[in-house]
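What follows is a short report on a single structure.
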Amino acid sequence: MNQSALILRTALLLLLLLMYGTDARNHSISINPDVLVGEEIIVSCNAGAEGEITWFKDGKEINDEEKVLKVDGAASKMIIKKATMQDAGRYTCHCKFNSGHTDETEMQLYVYEGPSFGQTTTYHEFLEGTDGEVPCLVTGQPAVDVKWLKDKQEIPSHAGSHMRQLRDNKLLIKKVKREDAGTYECRAQIKGRPISKLLSVSVVVNAPPTVQFKEKEKKVWAEPETNTTLVCLVDGHPQPNINWTMPNSIDPSRHHFNSDRSQLTIRSVTRADHGEYVCTATNKIAESSATIMLYVFDGGNPLQNFTIGCRQDKEGAEWKEMQLSPTTDSISLKKLCLGSGVKTEQPVSSRSMTEGTMIVIVMVSFLVVFLVIDATCFYRNQCGLLMFIAVKIFGYKVQGLKLLDKGERTTNAQVKLIRISTLRSSTAGVQTKEGGQLTEVTCDKAALTKHEKIQPDRDLPNV
Numbered sequence: 001m002n003q004s005a006l007i008l009r010t011a012l013l014l015l016l017l018l019m020y021g022t023d024a025r026n027h028s029i030s031i032n033p034d035v036l037v038g039e040e041i042i043v044s045c046n047a048g049a050e051g052e053i054t055w056f057k058d059g060k061e062i063n064d065e066e067k068v069l070k071v072d073g074a075a076s077k078m079i080i081k082k083a084t085m086q087d088a089g090r091y092t093c094h095c096k097f098n099s100g101h102t103d104e105t106e107m108q109l110y111v112y113e114g115p116s117f118g119q120t121t122t123y124h125e126f127l128e129g130t131d132g133e134v135p136c137l138v139t140g141q142p143a144v145d146v147k148w149l150k151d152k153q154e155i156p157s158h159a160g161s162h163m164r165q166l167r168d169n170k171l172l173i174k175k176v177k178r179e180d181a182g183t184y185e186c187r188a189q190i191k192g193r194p195i196s197k198l199l200s201v202s203v204v205v206n207a208p209p210t211v212q213f214k215e216k217e218k219k220v221w222a223e224p225e226t227n228t229t230l231v232c233l234v235d236g237h238p239q240p241n242i243n244w245t246m247p248n249s250i251d252p253s254r255h256h257f258n259s260d261r262s263q264l265t266i267r268s269v270t271r272a273d274h275g276e277y278v279c280t281a282t283n284k285i286a287e288s289s290a291t292i293m294l295y296v297f298d299g300g301n302p303l304q305n306f307t308i309g310c311r312q313d314k315e316g317a318e319w320k321e322m323q324l325s326p327t328t329d330s331i332s333l334k335k336l337c338l339g340s341g342v343k344t345e346q347p348v349s350s351r352s353m354t355e356g357t358m359i360v361i362v363m364v365s366f367l368v369v370f371l372v373i374d375a376t377c378f379y380r381n382q383c384g385l386l387m388f389i390a391v392k393i394f395g396y397k398v399q400g401l402k403l404l405d406k407g408e409r410t411t412n413a414q415v416k417l418i419r420i421s422t423l424r425s426s427t428a429g430v431q432t433k434e435g436g437q438l439t440e441v442t443c444d445k446a447a448l449t450k451h452e453k454i455q456p457d458r459d460l461p462n463v
């Protein structure tokens, strides 16, 4: 008896589990959780068994028969023709099965608007070195997050960085560089949902043209009948247009340019090609140019002509000129300038005195003055450099000069010359009276040289 009751209870329990488990397993809702404003919403609820299905939004039953459509006893649909932001919320499908069992399932419906970029400009030009701002005008509901990307990499928004995103979603580029040019992306995403849009924005960095020649000295030398090339290095954005200005007109047979006209080749150079060449680069930002000088050397130019001029030799008279051929070897001035006192014009030499020439002239002048003074000293006083050379080298003996004996030399062994004058001076006519007698006194003196000393043991001549 007890065993039969146990078997009956077990069978009943299995039947109930099978019944309720099947109802729960087949109960489901089918819907796309993210819906754009204005779209149609269809929410399907499949109970898997016969029963009564009821719809709830945020806990309140939906009684609108236009929205709720019963498919059969085991399924139901809720239809919203045009979704609005108010249709977003938590929806519940509640099923009461015929067996008496109840079950429900729920889901969150998101309704969004946008994101939209409105009138956002997608092309910007900035001048190199200036600050650039790139706006991104985004609208959307419920809320939109904006991020800027370059080369698929998110741009950080750190203060002080070269690029950063401002609070109004603008992209700030500090002191724009040439390498900042390119395509940027503004990504707008509904906050918390995988709904996003991208807007591509082009940034162009303009720069005024810069021009320079390949040669640093801005000079080029060429010989006649040779080929020479002038290279003009140009940079800027947009790409500048290049034009050349030269001493003579462009000859297509001799003047050749490359594709962008930055390189000029002159074939078979002539004297007419001598002069300044100007390379000018122009774009919509500015214009710039550079100049280079082409010198043509032919090893001496043949005389083409010469000019002769004359004027009367009086104040205010004007010069009259006549141009002659290089083969002229004579000319009559009667036709050119009438009257007497004809004065021909002397061409001014273009050569200037060099520094070396001036030094030589000064040295020669000093030498001449020195020789004049030394010669005067030699002939008048027997001194100077010439006197030294004559005595020491050539053994020249000068009358009236003698060397002191060794015993008469000074303690510093200095040899002194004593000049003995051959002239003697006398003082006569001085008479004194002594004891009634007249006495005549005569003083004979010998001139001493400048450096002569009177020896202590030497007697003066008696008077």
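In the working numbering, the protein residues as written are 1 to 463. Virtual Cβ for every residue (Gly too), placed ideally from N, Cα, C. Keep in mind that this is a model prediction, so the values were computed, not measured.
Just verifying my parser: in three-state terms, what is the DSSP assignment at residue i?
i: Q108; result: strand
i: N227; result: coil
i: L149; result: strand
i: T359; result: One detail in the question is off: residue 359 reads as Ile in this sequence, not Thr. Of the three classes helix, strand and coil, the one that applies to I359 here is helix, per DSSP.
i: F117; result: coil
i: V368; result: helix
i: T270; result: coil
i: F388; result: helix
i: C383; result: coil
i: A222; result: strand
i: I155; result: coil
i: T376; result: helix
i: Q313; result: Here residue 313 is Asp; the residue named in the question, Gln, does not match the sequence. Reduced to three states, the DSSP call for D313 is coil.
i: I257; result: Position check: residue 257 holds Phe in this sequence, whereas Ile was assumed. If DSSP states are grouped into helix, strand and coil, F257 belongs with the strands.
Please report how far the alpha carbon of residue i lies from the alpha carbon of residue j, in whole angstroms.
i: F370; j: E355; result: 23 Å
i: H94; j: K174; result: 59 Å
i: N258; j: G275; result: 21 Å
i: G89; j: H237; result: 55 Å
i: R182; j: P208; result: The sequence shown places Gly at residue 182, rather than the Arg named in the question. Distance between the alpha carbons of G182 and P208 is about 19 Å.
i: D64; j: D145; result: 36 Å
i: P33; j: M85; result: 13 Å
i: Q189; j: S76; result: 34 Å
i: A290; j: T280; result: 7 Å
i: T265; j: E217; result: 19 Å
i: T328; j: L367; result: 47 Å
i: A47; j: A74; result: 5 Å
i: M293; j: K219; result: 5 Å
i: M322; j: D298; result: 28 Å
i: G169; j: I285; result: Reading off the sequence, residue 169 comes out as Asn, not Gly. Taking the straight line joining both Cα atoms gives about 29 Å.
i: D260; j: K147; result: 41 Å
i: D72; j: M78; result: 13 Å
i: G384; j: I359; result: 26 Å
Go through its chain and collect everything with a Cβ distance to residue i's Cβ below 6 Å, but skip five positions before and after it.
i: P194; result: none
i: T245; result: V278
i: E52; result: K96
i: A222; result: T228, V269, V296
i: R271; result: V296
i: N248; result: A272
i: A143; result: K191
i: F56; result: T92
i: T411; result: With a pLDDT of 39 at T411, under the threshold of 50, the modelled position of that residue is not reliable, and no figure is offered here.
i: N241; result: T282
In its own chain, which residues sit with a C-beta less than 8 Å from the C-beta of residue i, not counting the 5 before and 5 after it?
i: A83; result: V35, L36, V37, G38, E39, E40, I41, V111
i: K466; result: It is not possible to answer for residue 466, since the shown part of the chain is limited to 1 through 463.
i: T475; result: Here the chain comprises residues numbered 1 to 463, so residue 475 is not present and cannot be evaluated.
i: Q263; result: T229, L230, V231, C232, F257
Please go through the same chain and pick out, in chain order, the residues whose beta-carbon is closer than 7 Å to the beta-carbon of residue i, but skip the five residues on each side of it.
i: D464; result: Look at the range of the chain in this structure, 1 to 463, and you will see that residue 464 is not part of it.
i: S325; result: N305
i: L137; result: F117, G118, Q119, T120
i: K214; result: V231, L233
i: K54; result: One point to set straight first is that residue 54 is Thr, not Lys, in the sequence displayed. Cβ within range, chain order: E61, H94.
i: L141; result: The displayed chain sequence assigns Gln, not Leu, to residue 141. For Q141, where only same-chain residues beyond five positions count, the Cβ hits under 7 Å are M85, Y112, E113, G114.
i: K468; result: This structure gives no information on residue 468, because the portion of the chain shown stretches from 1 to 463.
Is the shortest distance between the beta-carbon of residue i and the beta-carbons of chain D less than 7 Å?
i: D72; result: Any reference to chain D falls outside this structure, which holds one protein chain only.
Threshold first: 3 residues or longer. Then list the beta strand (DSSP E) segments lying entirely within the stretch 161-187, N to C. 163-165, 171-173
*Spell out a yes or no on whether the stretch 147-162 and the stretch 101-119 are touching, meaning 3 or more CB-CB pairs, one atom from each, closer than 8 Å.*
no
- Task: May I ask you to verify whether the stretch 186-193 touches the stretch 246-256, counting CB pairs closer than 8 Å and requiring at least 3?
- Result: no
Report task. Could I get the ranges of all uninterrupted alpha helix (DSSP H) runs contained in the stretch 28-108, with 4 residues as the minimum, in chain order? Result -> none
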